[in-house]
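Report on the structure given below.
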Ligand code: 13P
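Residue numbers (the numbering used here): -4 to 257.
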């Protein structure tokens, strides 16, 4: 039984003070005994702040049901890599997850599959759980290349890794055309692609291993549509951008998923 994971990816939003404010608000919602119990049992809660706000967020949520993740890492322990942050540093500040290969980093920062493969390996080496993002462009979707392209992204990023990766890996299927556009994939379309991603994992690592991997949908997820995705058999969570910037709407989504899975 896979525990769903709802993750807010804050991208380049929020100062440390704003992160602390969000944390306090989210924790005050969680304080209600019944909701805390329900959520801890039913949903894993994760927030990925920018690096500068990560220590403040992790400190404010330490010892609670709210986990912290990085949005990126550089695949070395330390060294002369100006502007970069290592997995060791993320871990030391309280991160337990890290997003790898978000389409914004692939497209804007030019990250390659080879680099992402190194990043996944570095995350695992330092005990961070990777959230590997895959997703197609609108042109690729129109040409009917969605599944083949996304499966190729998985194969490249996971190259050289054995079945044990399935113990910690989270995959996020984020169609690029659905990110920040208000235009989301239908739950059925997302399910169809995600089932094919799981099939690739099953072919590569075996069905039992593939059944362990949580696969999220991301792209214009909000309180009104989150339950529709999570009701699908292969969708195990959501990676949320805009709607995860306010504690109130993040909370609404957590409640909607907890209610669905109760
Ligand atoms: P939006 O939810 O703002 O579409 O962003 C999705 C995303 O990129 C999460 O990583």
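Using N, Cα and C, we set each Cβ at its ideal position, and we do this for glycine too.
Cβ separation of residue 81 and residue 92, assumed to be a contact under 8 Å, to the nearest whole Å:
The pair is not a contact, with the Cβ atoms about 15 Å apart (cut-off 8 Å).
Any contact between the stretch 204 to 222 and the stretch 170 to 183? By contact I mean 3 or more CB pairs, one from each, below 8 Å.
yes
Between residue 203 and residue 192, what straight-line distance do the alpha-carbon atoms span, to the nearest angstrom?
14 Å
Check whether the Cβ of residue 126 sits closer than 6 Å to any heavy atom of ligand 1, and report yes or no.
no
Looking at residue 111 and residue 150, is the spacing between their C-beta atoms short of 7 Å?
no
Quick check for students: name the residue ranges of the beta strand (DSSP E) that lie wholly in the stretch 23 to 110, counting only runs of 3 or more.
39 to 43, 61 to 65, 92 to 95
Going by beta-carbon coordinates alone, are residue 130 and residue 98 separated by less than 7 Å?
yes
Identify which residue in 118, 95, 21, 103 has its Cα closest to the Cα of residue 86.
118
Report the three-state DSSP secondary structure of residue 260 (helix, strand or coil).
Because residue 260 is not part of the residues shown, which for the chain are -4 to 257, the question remains open.
Given 6 Å as the limit, tell me if residue 234 has its C-beta closer than that to any heavy atom belonging to ligand 1.
yes
By how many angstroms is the C-alpha of residue 122 removed from the C-alpha of residue 40?
18 Å
By the 10 Å Cβ neighbour count, where 16 or more other Cβ atoms means buried, how is residue 103 classified, buried or exposed?
exposed
When DSSP labels each residue in this structure, what does residue 0 get in the three-state scheme?
strand
To which residues does DSSP link residue 128 through a beta bridge?
167
Residue 180 (DSSP reduced to helix, strand or coil)
coil
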